[in-house]
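K.L.:
Below is the structure I would like to discuss, written out as structure tokens.
Chains as they are written, first to last, in the working numbering: chain A, 194 to 378; chain B, 194 to 378.
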């Protein structure tokens with residue numbers, strides 16, 4: 194699989210990739226164990242804050258909770274089959290990087306590995322612990338971001354349930370209809 | 194504006210519309226006041242549970258908090274200009290249904306109005322109050338859903354920030370790669 198060339202990307206602009214709602218791959222690492230999960234349940238919660246719902250039964254839940262770190266990786270449509278396969282097996286069946294031929298790159302600010310084949314990778318630290326204490330919702334702060342310089346808007350996949358996906362389509366601007374202060378929000 | 198013909202839609206399938214991450218219009222009503230806000234910050238939190246982030250400074254925050262009800266309406270790409278205009282003005286400037294020529298339809302199970310011009314409308318009741326007590330995140334249970342029978346997958350709009358939107362693209366299935374039990378999740 195091809196590996197995009199990443200550059201540093203401003204953390205305050207990660208919503209460009211995440212707010213449209215793509216499926217992401219969340220990678221974790223803790224004491225020599227590492228995991229990847231496919232995830233469609235996430236949302237922006239601030240300029241550099243992202244919420245993710247991690248099922249308690251999922252091994253990634255434990256790794257994320259213990260390490261308080263993760264990487265949110267953005268796969269593109271050409272990785273769809275791998276994305277689906279990752280979501281349909283458990284980490285207990287073997288290391289998913291090895292199994293799916295993915296490149297684990299060391300992150301800069303967290304110990305979780307980044308997935309080299311993805312378009313972008315966002316290094317995250319747990320920001321909010323009160324919610325996670327009794328709800329499987331993790332609020333992450335993106336502390337460092339990497340993204341391929343092109344394409345600016347890659348084809349992403351968006352899950353509908355029941356094995357169906359929407360692939361991102363055309364881009365439109367409505368900047369002219371925005372109040373200047375609303376463009377900053 | 195055209196008004197789609199709605200049918201009852203199974204609440205346990207609303208993820209088909211919401212999980213791909215479209216911009217939605219959240220409508221509220223409380224003691225004779227009503228509001229609409231444009232919202233991109235939402236996520237699935239269960240089969241019929243949806244989380245939404247509502248800025249505290251927003252009038253809809255107060256209406257949602259007091260009434261503990263809302264309707265999540267799904268606009269299509271032909272409504273984009275209206276969606277943007279709704280997001281760029283305040284309810285204090287006047288009733289948004291009147292201002293934008295939208296039809297307020299009475300919901301069946303909640304007091305918040307539904308927006309007749311949208312492709313679908315999901316009647317919601319506040320499900321989780323502990324989180325909302327100290328974080329502007331509302332966890333809603335969809336108690337009734339309405340949707341146009343066709344198109345099955347309408348063109349939705351997905352916000353990127355900075356005045357830019359992605360319009361939903363082609364549909365693909367990967368059912369064959371799913372474990373049967375994962376198709377139910």
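Yeah, the Cβ is synthetic: ideal placement off N, Cα and C, and Gly gets one too.
In chain order, what residues of the same chain lie with their CB nearer than 7 Å to the CB of residue 221 (chain A), ignoring the 5 residues before and after it?
P.N.:
Translated into the one-based positions of the first chain, residue 221 (chain A) becomes position 28. Here the set comprises 227, 228, 253, 256, 257, 260, 263, 305.
K.L.:
Taking only beta carbons into account, state which residues of the stretch 356 to 372 of chain A come closer than 9 Å to chain B, listed in chain order.
P.N.:
So the close ones are 356, 357, 358, 359, 360, 361, 362, 363, 364, 365, 366, 367, 368, 369, 370, 371, 372.
K.L.:
Enumerate, from N- to C-terminal direction, the unbroken beta strand (DSSP E) stretches of 3 or more residues contained entirely within the stretch 315 to 354 of chain B.
P.N.:
List check, beta strand (DSSP E) in window: 330 to 341, 350 to 354.
K.L.:
Report the CB separation of residue 365 (chain A) from residue 358 (chain B) in whole angstroms; it is logged as a contact under 8 Å.
P.N.:
As a working mapping, residue 365 (chain A) is identified with position 172 in the first chain. As a working mapping, residue 358 (chain B) is identified with position 165 in the second chain. Confirmed, Cβ separation roughly 5 Å.
K.L.:
With a cut-off of 8 Å on the beta carbons, I'd call residue 248 (chain B) and residue 238 (chain A) a contact; round off their distance for me.
P.N.:
In the second chain, residue 248 (chain B) corresponds to position 55, counting from 1. In the first chain, residue 238 (chain A) corresponds to position 45, counting from 1. About 11 Å; that fails the 8 Å criterion.
K.L.:
DSSP three-state call for residue 271 (chain B): helix, strand or coil?
P.N.:
Taking the second chain and counting its residues from 1, the one referred to as residue 271 (chain B) is at position 78. If DSSP states are grouped into helix, strand and coil, residue 271 (chain B) belongs with the helices.
K.L.:
Could you tell me if residue 209 (chain B) is buried or exposed, where buried requires 16 or more neighbouring beta carbons within 10 angstroms of its beta carbon?
P.N.:
Position 16 of the second chain, counted from the start, is the residue given in the question as residue 209 (chain B). Buried, by the Cβ-count rule.
K.L.:
Please list, in chain order, the chain B residues whose beta carbon lies closer than 9 Å to that of residue 274 (chain A).
P.N.:
Stepping through the first chain from its first residue, residue 274 (chain A) is reached at position 81. By Cβ distance, chain B contributes 367, 370.
K.L.:
Let me know the secondary structure DSSP gives residue 194 (chain A) once reduced to three states.
P.N.:
Here residue 194 (chain A) refers to the residue found at position 1 when the first chain is read from its first residue. Coil.
K.L.:
How close, in whole Å, do the beta carbons of residue 272 (chain B) and residue 310 (chain B) come, if the pair is a contact with beta carbons under 8 Å?
P.N.:
For this step, residue 272 (chain B) is matched to residue 79 along the second chain. For this step, residue 310 (chain B) is matched to residue 117 along the second chain. Their Cβ separation, rounded to whole angstroms, is 6 Å, which keeps residue 272 (chain B) and residue 310 (chain B) in contact under 8 Å.
K.L.:
Can a CB atom of chain A be found closer than 8 Å to the CB of residue 197 (chain B)?
P.N.:
In the second chain, residue 197 (chain B) corresponds to position 4, counting from 1. Answer no: the Cβ-Cβ gap between residue 197 (chain B) and chain A never drops below 8 Å.
K.L.:
So residue 332 (chain B) packs on residue 316 (chain B), CB below 8 Å; how close in whole Å?
P.N.:
As a first step, residue 332 (chain B) must be located in the second chain, where it is residue number 139. As a first step, residue 316 (chain B) must be located in the second chain, where it is residue number 123. With a Cβ gap of about 15 Å, residue 332 (chain B) and residue 316 (chain B) do not count as contacting.
K.L.:
Between the stretch 333 to 347 of chain B and the stretch 278 to 297 of chain B, can you find at least three pairs of beta-carbon atoms closer than 8 Å?
P.N.:
Too few Cβ pairs lie closer than 8 Å, so no.
K.L.:
Kindly list the residues whose CB is nearer than 7 Å to the CB of residue 353 (chain B), restricted to its own chain and excluding five residues on each side of it in sequence; keep chain order.
P.N.:
On the second chain, position 160 is the one that residue 353 (chain B) refers to. 359, listed in sequence order.
K.L.:
So which residues of chain A does residue 309 (chain B) contact, with C-beta pairs closer than 7 Å?
P.N.:
Position 116 of the second chain, counted from the first residue, corresponds to residue 309 (chain B). Residues of chain A passing the Cβ test: none, with the nearest at roughly 22 Å.
K.L.:
Alpha carbon to alpha carbon, how far is residue 355 (chain B) from residue 206 (chain A)? Give it in angstroms, no decimals.
P.N.:
Here residue 206 (chain A) corresponds to residue number 13 of the first chain, with the count starting at 1. Here residue 355 (chain B) corresponds to residue number 162 of the second chain, with the count starting at 1. Cα-Cα distance, rounded: 9 Å.
K.L.:
In terms of residue numbering, what span does the alpha helix (DSSP H) encompassing residue 208 (chain A) cover?
P.N.:
What you label residue 208 (chain A) is simply residue 15 of the first chain in a count that begins at 1. Run containing residue 208 (chain A): 208 to 211, per the alpha helix (DSSP H) assignment.
K.L.:
Express the C-alpha separation of residue 266 (chain B) and residue 320 (chain B) in angstroms, rounding to a whole number.
P.N.:
Numbered from its first residue, the second chain carries residue 320 (chain B) at position 127. Numbered from its first residue, the second chain carries residue 266 (chain B) at position 73. Rounded to the nearest angstrom, the two C-alpha atoms are 18 Å apart.
K.L.:
Would residue 215 (chain B) and residue 350 (chain B) be called neighbours here (beta carbons separated by less than 8 Å)?
P.N.:
Within the second chain, the letter at position 22 stands for residue 215 (chain B). Within the second chain, the letter at position 157 stands for residue 350 (chain B). A contact, by the Cβ cut-off of 8 Å.
K.L.:
Take residue 341 (chain A) and list the residues in its own chain whose beta-carbon comes closer than 8 Å to its own, dropping the five residues that flank it on each side.
P.N.:
Counting from one through the first chain, the residue named residue 341 (chain A) turns up at place 148. If we look at residue 341 (chain A) and ignore the five residues flanking it on each side, its Cβ neighbours are 197, 198, 199, 200, 312, 313, 347.
K.L.:
Give a yes or no on whether 8 Å exceeds the smallest Cβ distance from residue 281 (chain B) to chain A.
P.N.:
Numbered from its first residue, the second chain carries residue 281 (chain B) at position 88. Yes, residue 281 (chain B) counts as interfacial toward chain A.
K.L.:
Taking the alpha carbon of residue 368 (chain B) as the point to measure from, which residue in A:224, A:284, A:274 has its own alpha carbon closest?
P.N.:
To locate residue 368 (chain B), count along the second chain from 1; it is residue 175. Minimum Cα distance to residue 368 (chain B) is reached at A:274.
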